[in-house]
Amino acid sequence: SQQGEEDPQALSIQEGENATMNCSYKTSINNLQWYRQNSGRGLVHLILIRSNEREKHSGRLRVTLDTSKKSSSLLITASRAADTASYFCATGTGANSKLTFGKGITLSVRP
Amino acid sequence: DVKVTQSSRYLVKRTGEKVFLECVQDMDHENMFWYRQDPGLGLRLIYFSYDVKMKEKGDIPEGYSVSREKKERFSLILESASTNQTSMYLCASSSNGVPGTEAFFGQGTRLTVV
Numbered sequence: 003s004q005q006g007e008e009d010p011q012a013l014s015i016q017e018g019e020n021a022t023m024n025c026s027y028k029t030s031i032n033n034l035q036w037y038r039q040n041s042g043r044g045l046v047h048l049i050l051i052r053s054n055e056r057e058k059h060s061g062r063l064r065v066t067l068d069t070s071k072k073s074s075s076l077l078i079t080a081s082r083a084a085d086t087a088s089y090f091c092a093t094g095t096g097a098n099s100k101l102t103f104g105k106g107i108t109l110s111v112r113p
Numbered sequence: 023d024v025k026v027t028q029s030s031r032y033l034v035k036r037t038g039e040k041v042f043l044e045c046v047q048d049m050d051h052e053n054m055f056w057y058r059q060d061p062g063l064g065l066r067l068i069y070f071s072y073d074v075k076m077k078e079k080g081d082i083p084e085g086y087s088v089s090r091e092k093k094e095r096f097s098l099i100l101e102s103a104s105t106n107q108t109s110m111y112l113c114a115s116s117s118n119g120v121p122g123t124e125a126f127f128g129q130g131t132r133l134t135v136v
């Protein structure tokens, strides 16, 4: 079974609004990562948060991690039409950080 | 520029054929992964390798095998291709160990089994 489950499955917002995506997972992790995939292309890494971190920022991205609730959220502020893509959370587990993905969230940003 | 290269973008094979998907990375990464991506199911891990000749089953290994004879190359083998293996296959690599690092992905191989 897949380790991570994203919520919601699909999100549609207006340009300039913030987008919040959530991820829950099942077992203990070394890290949690978020990736983006534009239609028909490979995945691109966005941000990694370690299990001993609670919050991390990168440009317009903010990710939080709550290990007690086994959940994470990704916030994209001031969204742009170019942010339209699928977003995946992935968890790194085990001694070699095996990486397991969720089903993804489809984000549509309307101009 | 770091690179993960998959040998084919598109592949059409017949049912029952043995199929090889090749992946090469130039970053000296220990970890390499094979995923398949299907609509509504996200990325599912088929196999994971954390060193040469070392492998670990993922969530859906049935019908697949892998080979890692050299650090830079990770091959996915469909022993006898079936139509339900029609999918997008993605290869990735990363450094291993805790707490882990980002993975780099290839562009994917869209495999159609007819």
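Sequence lines, in order, name chains A and B.
My numbering applies: residue 3 is where the first sequence begins, and numbers increase by one.
My numbering applies: residue 23 is where the second sequence begins, and numbers increase by one.
Quick reminder that beta carbons are idealized off the backbone N, C-alpha and C, glycines included.
Within chain A, the residues placing a beta-carbon under 8 Å from that of Q129 of chain B are R43 and G44, ordered along the chain. It is roughly 14 Å from the alpha-carbon of S75 of chain A to the alpha-carbon of L109 of chain A. About 6 Å separates the beta carbon of D85 of chain A from that of I78 of chain A, a gap short enough to meet the 8 Å contact definition. Contacts between P83 of chain B and chain A, judged by CB atoms closer than 8 Å, are missing: the closest CB pair is about 13 Å apart.
Per the Cβ contact rule, the region 126 to 133 of chain B is not in contact with the region 60 to 67 of chain B (fewer than 3 Cβ pairs under 8 Å).
At a Cβ-Cβ threshold of 8 Å, W56 of chain B and Y72 of chain B do not count as neighbours. Listed along the chain, the chain A residues whose CB falls inside 9 Å of the CB of Y69 of chain B amount to none; the nearest CB is some 10 Å away.
Using a 10 angstroms sphere on the CB of T27 of chain B, the tally of other CB atoms stays under 16, which defines it as exposed.
In this structure, DSSP gives T95 of chain A an extended state, which the three-state scheme calls strand. Ranked by how close their Cα comes to the Cα of A97 of chain A, the residues B:N53, B:R31, B:M49 and B:K25 have B:N53 in first place.
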